[in-house]
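In this text, residue positions in the sequence shown follow our numbering: the first is 1, and each later residue adds one.
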Amino acid sequence: MRGTGAEPPGGSADAPEVVCLGESMVTFLPTRPGRLADVPAFLRGIGGAESNVACALAGAGHRAAWVSRVGADGFGDHLVDTISGHGVDTSAVHRDPDRPTGVYFRTAADRAEGAHEVAYYRAGSAASAMSPRNAPYDALFAGRVLHLSGITAALSDDCLALLRTLTAERPRRPLISFDVNHRPRLWRGHPAGPGVLRDLARGADVVFVGEDEAAEAWGVHGPEAIRAALPEPSVLVVKRGAHGATVLARPEGTPPGPGTDRATTAPALRVDVVAAVGAGDAFAAGFLSATLRALPVRDRIRHGHLMAAAVLTVPGDLTRPPARAHADRLAALDDDAWRGVRLGPGWTSPTSGPVAPAAEGVPG
């Protein structure tokens, strides 16, 4: 399918709208700042790009499913219970009796800071055994959208083979959403290398990629150069940090080629950041939510920014997104009012409006 994503094919009325495939791990978060060697205790949470997207979509009122493999252990129980507790369908998650659930530890420092440390214990995990041979295809193709990420491709040769299978052209496939999610550490020493992420992205319908990711993984710079490297997807979402996001989209039925794109840019919001974790996943969820609702491209980007702002203003990867009516009012602001909005902790509450010193009277 190569449409714009406004009207992906659907299934039965109770089928998921979006199915997300990928590994989620139990996360251990430090109780205080410092090196991993010095932190005395950790709090347990969960982390996983695709499950983050599923949880955010469920919180926004969509039917979302998460498909993966976890160990037949207590950490697997915790993952499934927590993700299903967010309203996500986990019925297709396989419990592996022979492999463990992945875990990781991280410091309190932000990823952008030099002191940030992450220790992964995921080699040989249950999720790394996902493959074309054991994939639950009925569940994966049950929704209007199948959301994937490049993290899965780096877990094992079998996982990479599965993503190649899922991004291949096939009749009546769901809309394929692919977040490049380049993690250099995962690709270090990998025989395929991050260039394979470009091949997978070219098989998708909607692609999310950061300018910095594209430069690091493929050596291309800027939206136009990224588009030249990824001509096939109907919708290319280039995340540009503080500069916002640019979408290059072709009208439905238009073949790839120079001059066929409509470019739309929406600036990022000013946000009082509490923790810069999970924002990219939340952006993808907001964009996909607006896509499912067939909103204009500008509003899809703005809903991505708003969902990201919800996560940026809390300590963890997951939070309750703003109510749909609340987000719709903000997404509908004129350009000057949008640029004046500033969001801080608690802004998603229906009773608290955004902090907008430059846009008095902005609806909350």
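Here a beta-carbon is modelled for each residue, glycine too, at the ideal position from N, C-alpha and C.
All of these numbers come straight from a predicted model, not from anything done at the bench.
Cβ neighbours of residue i in the same chain (closer than 8 Å, five flanking residues each side left out)
| i | result |
| --- | --- |
| Ala129 | Arg69, Asp96, Arg99, Ser156 and Asp158 |
| Ala245 | Val237, Val238, Lys239, Thr265, Ala266, Ala268, Phe283, Ile301, Gly304 and His305 |
| Gly316 | Leu29, Gly45, Ala275, Val277 and Gly278 |
| Ala356 | A caution first: Ala356 carries a pLDDT of 46, below 50, which makes its placement in the model too unreliable to give a value. |
| Pro256 | Pro231, Glu232 and Arg250 |
| Arg198 | Ala217, Trp218, Ala229 and Leu230 |
Under 9 Å between C-beta atoms of residue i and residue j
| i | j | result |
| --- | --- | --- |
| Ala268 | Ala242 | yes |
| Ala249 | Val297 | yes |
| Ala41 | Pro30 | yes |
| Ile226 | Glu211 | yes |
| Val39 | Val103 | no |
| Glu213 | Val247 | no |
| Leu162 | Arg202 | no |
| Ile151 | Arg106 | no |
| Val80 | Val19 | no |
| Gly59 | Pro321 | yes |
| Arg185 | Val118 | yes |
| Asn134 | His94 | yes |
| Thr101 | Asp138 | no |
Range of the contiguous beta strand (DSSP E) that encloses residue i
| i | result |
| --- | --- |
| His147 | Val145 to Ser149 |
| Gly210 | Val206 to Gly210 |
| Arg365 | This structure cannot speak to residue 365, because the chain is shown only from 1 to 364. |
| Ser51 | Unbroken run through Ser51 is the alpha helix (DSSP H), Ala49 to Gly59; no beta strand (DSSP E). |
| Val247 | Ala245 to Ala249 |
| Leu36 | Looking at the DSSP string, Leu36 is not in any beta strand (DSSP E), and its letter there is neither H nor E. |
| Ala65 | Ala64 to Val67 |
| Ala119 | Val118 to Tyr121 |
| Arg106 | Val103 to Arg106 |
6 Å Cβ shell around residue i - same chain, five flanking residues per side excluded
| i | result |
| --- | --- |
| Gly304 | Phe283, Gly286 and Phe287 |
| Ala6 | Note that Ala6 has pLDDT 41, beneath the 50 cutoff, so the model's placement of it is unreliable and the number below is only indicative. Here the set comprises Ala294. |
| Val82 | For the sequence presented, residue 82 should be read as Thr rather than Val. For Thr82, where only same-chain residues beyond five positions count, the Cβ hits under 6 Å are Ile46. |
| Ala54 | Cys20, Ala64, Trp66 and Val88 |
| Pro136 | Ala92 |
| His86 | Cys55 and Ala58 |
| Leu318 | Cys55 |
| Ala13 | none |
| Glu17 | His62, Arg63, Gly143, Arg144 and Leu292 |
Close beta carbons around residue i, own chain, < 7 Å, minus the five adjacent residues each side
| i | result |
| --- | --- |
| Gly61 | Arg324 |
| Arg293 | none |
| Ala204 | Thr167, Ile176, Ser177, Phe178 and Pro233 |
| Ala358 | Its pLDDT being 37, under 50, Ala358 is placed unreliably in this model, and the value from its coordinates should be taken loosely. Same-chain partners within the cutoff: Gly340. |
| Pro194 | His182, Trp187 and Ala217 |
| Met307 | Ala56, Ala282, Phe283, Ala285, Gly286 and Pro321 |
| Thr90 | Trp66, Val80, Ile83 and Ser84 |
| Ala154 | Arg183, Leu186, Trp187 and His190 |
| Ala331 | Asp299, Arg302, His303 and Leu306 |
| Val220 | Ala214, Ile226 and Ala229 |
| Asp261 | Arg227, Leu248, Ala249 and Arg250 |
Whole-angstrom C-beta distance between residue j and residue i, which should lie under 8 Å
| i | j | result |
| --- | --- | --- |
| Val88 | Ala126 | Contact doesn't hold; Cβ gap of about 18 Å is too wide. |
| Ala15 | Ala142 | 5 Å |
| Leu140 | Leu43 | Between Leu43 and Leu140 the Cβ distance is about 33 Å, and since that is not below 8 Å, they are no contact. |
| Val145 | Pro174 | 6 Å |
| Val271 | Leu343 | 5 Å |
| Ala123 | Leu160 | About 15 Å; that fails the 8 Å criterion. |
| Trp347 | Thr313 | 6 Å |
| Tyr290 | Asp299 | Contrary to the premise, residue 290 reads as Ala rather than Tyr in this sequence. At roughly 6 Å, the Cβ-Cβ gap stays under 8 Å, so Ala290 and Asp299 are in contact. |
Host alpha helix (DSSP H) of residue i (start-end)
| i | result |
| --- | --- |
| Trp338 | Asp335 to Gly340 |
| Thr265 | No alpha helix (DSSP H) contains Thr265, which is instead part of the beta strand (DSSP E) from Arg262 to Ala266. |
| Leu160 | Asp157 to Leu166 |
| Asp81 | Gly74 to Gly85 |
| Asp328 | Arg324 to Ala331 |
| Arg320 | Neither: Arg320 is in no alpha helix (DSSP H) and is coded neither H nor E. |
| Leu230 | Run containing Leu230: none; DSSP gives neither H nor E here. |
Those residues which DSSP pairs with residue i across a bridge
| i | result |
| --- | --- |
| Phe287 | Phe287 pairs with nothing; no bridge assigned. |
| Val271 | Leu343 |
| Ser177 | His147 and Val206 |
| Asp89 | Ala65 |
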